[in-house]
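>
Protein chains: 2
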Amino acid sequence: MQITSKFTAAVHILTCIDIFDGQMRVTSDVLSGSTGVNAVIVRNVLGQLRTAGIVETRQGSGGAHLAKALDEITLYDIYKAVDCVDDEGLFHFHENPNVECPVGRNIHKAMDGRLEAAQEALENELKSTTLAQVVADTRKIIEEE
Amino acid sequence: MQITSKFTAAVHILTCIDIFDGQMRVTSDVLSGSTGVNAVIVRNVLGQLRTAGIVETRQGSGGAHLAKALDEITLYDIYKAVDCVDDEGLFHFHENPNVECPVGRNIHKAMDGRLEAAQEALENELKSTTLAQVVADTRKIIEEE
DNA sequence: AAAGTTGTAACTTCGCTTGTTTCAACTTTC
DNA sequence: GAAAGTTGAAACAAGCGAAGTTACAACTTT
Numbered sequence: 007m008q009i010t011s012k013f014t015a016a017v018h019i020l021t022c023i024d025i026f027d028g029q030m031r032v033t034s035d036v037l038s039g040s041t042g043v044n045a046v047i048v049r050n051v052l053g054q055l056r057t058a059g060i061v062e063t064r065q066g067s068g069g070a071h072l073a074k075a076l077d078e079i080t081l082y083d084i085y086k087a088v089d090c091v092d093d094e095g096l097f098h099f100h101e102n103p104n105v106e107c108p109v110g111r112n113i114h115k116a117m118d119g120r121l122e123a124a125q126e127a128l129e130n131e132l133k134s135t136t137l138a139q140v141v142a143d144t145r146k147i148i149e150e151e
Numbered sequence: 007m008q009i010t011s012k013f014t015a016a017v018h019i020l021t022c023i024d025i026f027d028g029q030m031r032v033t034s035d036v037l038s039g040s041t042g043v044n045a046v047i048v049r050n051v052l053g054q055l056r057t058a059g060i061v062e063t064r065q066g067s068g069g070a071h072l073a074k075a076l077d078e079i080t081l082y083d084i085y086k087a088v089d090c091v092d093d094e095g096l097f098h099f100h101e102n103p104n105v106e107c108p109v110g111r112n113i114h115k116a117m118d119g120r121l122e123a124a125q126e127a128l129e130n131e132l133k134s135t136t137l138a139q140v141v142a143d144t145r146k147i148i149e150e151e
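As given, the protein sequences belong to chains A and B, one line each in that order.
Numbering of the first sequence is given in the working numbering, commencing with residue 7 and proceeding in unit increments.
Numbering of the second sequence is given in the working numbering, commencing with residue 7 and proceeding in unit increments.
Shown next, in the form of structure tokens:
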């Protein structure tokens, strides 16, 4: 099992927008070309990022722009925006533990806190990284090529 | 996307083995009854846990037993045993970034370290929790019922 | 008015997770 | 040693979600 590639695609998309905005009109077609992700999927991702207040797009005119400063966008913001995990959480509990069994009816309670803590550890790490860092690294690697 | 329920099922299974071993023969049927998970799946999970050196099972005789002390089994050991994530890692990178594009051919390098750090944060949290803690909590909740 | 772009819905494809069926190999018990 | 119960494993089916695809209305710019 893996976290949807929409997440890495979204980071890629935002990095492109930052780097190419001003030089060209960054349309969903351009972004599809760079990411290798279908243009409709790109537009879906852009839609989710727009809902989250991370980018600005408009029908007709074409070209996406960042709606926030790079260092105000964390990887967690992006991860949340593209719905990597739903309300159920990262871990999928087996669905029919037997309530007739003392373990079956209590295992959920015994585990939930620990599963949440693990998920939180992941998310805190994502919160501590900003898009500014990723873009800076990308620019640096490009310059060193 | 979610981490396979085999993980929580495995923890449930191990908890049952610890609590019921001695009182009854803890067969895959018994475990299937408590977890609500198909008995064949239970046997698969037990097989993975056996490969990892966490439980002992034998053909014919029936009944699983723990192969280690409770406090020597971490949630991470179980998570690894049941193959929650493969070698690719927890995050799924979009597969065809365009190497003609400076961002496309470098985004992987720019992100990989940070994705690994996030995954590690999750796994470290799982490493810090032992089955002993989960079983202790489960017993406590049962007593308080 | 024409051309290009976004937003969205409906459908398809593919792979993964879980369940199911089946059966050989093994152990215990009578 | 035969019967009953259990494990291990393979093969197949069903269901679900991710990603791609097609199609088109709404919008902007020229």
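For each residue, glycine too, the CB sits at the ideal point set by N, CA and C.
1) What does A/S11 reach in chain B if we use C-beta pairs closer than 9 Å?
2) Per DSSP, what kind of secondary structure is A/I23 in: helix, strand or coil?
3) Counting only Cβ-Cβ distances shorter than 7 Å, please list the residues of the region 41-53 of chain B near chain A, keeping chain order.
4) How big is the Cα-Cα spacing for B/I19 and B/T41?
5) At a Cβ cut of 7 Å, what residues of the region 11-41 of chain A count as close to chain B, listed as they run along the chain?
6) Report, in whole angstroms, the separation of the C-beta atoms of A/C51 and A/A16, which I expect to be a contact under 8 Å.
7) Nearest to A/S11 by CA position, among B/L55, B/G69, B/L121, B/T80, is which residue?
8) B/K133: which of B/M30, B/R56, B/A87 sits nearest, CA to CA?
9) Should the region 96-116 of chain B be regarded as contacting the region 108-117 of chain A, the criterion being three or more beta carbon pairs within less than 8 Å?
10) Would DSSP call A/E150 helix, strand or coil?
11) Give the residues from the region 117-131 of chain A that approach chain B closer than 9 Å (Cβ to any Cβ), ordered along the chain.
12) May I ask which residues mark the beginning and end of the alpha helix (DSSP H) holding A/R48?
Let's see:
1) F97, H98, F99, H100, E101
2) helix
3) Of all residues in the region 41-53 of chain B, T41, G42, V43 have a Cβ within less than 7 Å of some Cβ in chain A.
4) Rounded to whole angstroms, B/I19 to B/T41 spans 7 Å at the Cα level.
5) So the close ones are S11, F13, T14, A15, V17, H18, T21, C22, I25, G39, S40, T41.
6) According to the sequence displayed, residue 51 of chain A carries Val and not Cys. Rounded, the Cβ-Cβ distance is 5 Å, consistent with contact.
7) It is B/L121 whose Cα lies nearest to the Cα of A/S11.
8) B/A87
9) no
10) helix
11) M117, G119, R120, L121, A123, A124, Q125, E126, A127, L128, E129, N130, E131
12) Reading off the sequence shown, one finds Val at residue 48 of chain A, where the question assumed Arg. A/V48 -> alpha helix (DSSP H) spans 45-57.
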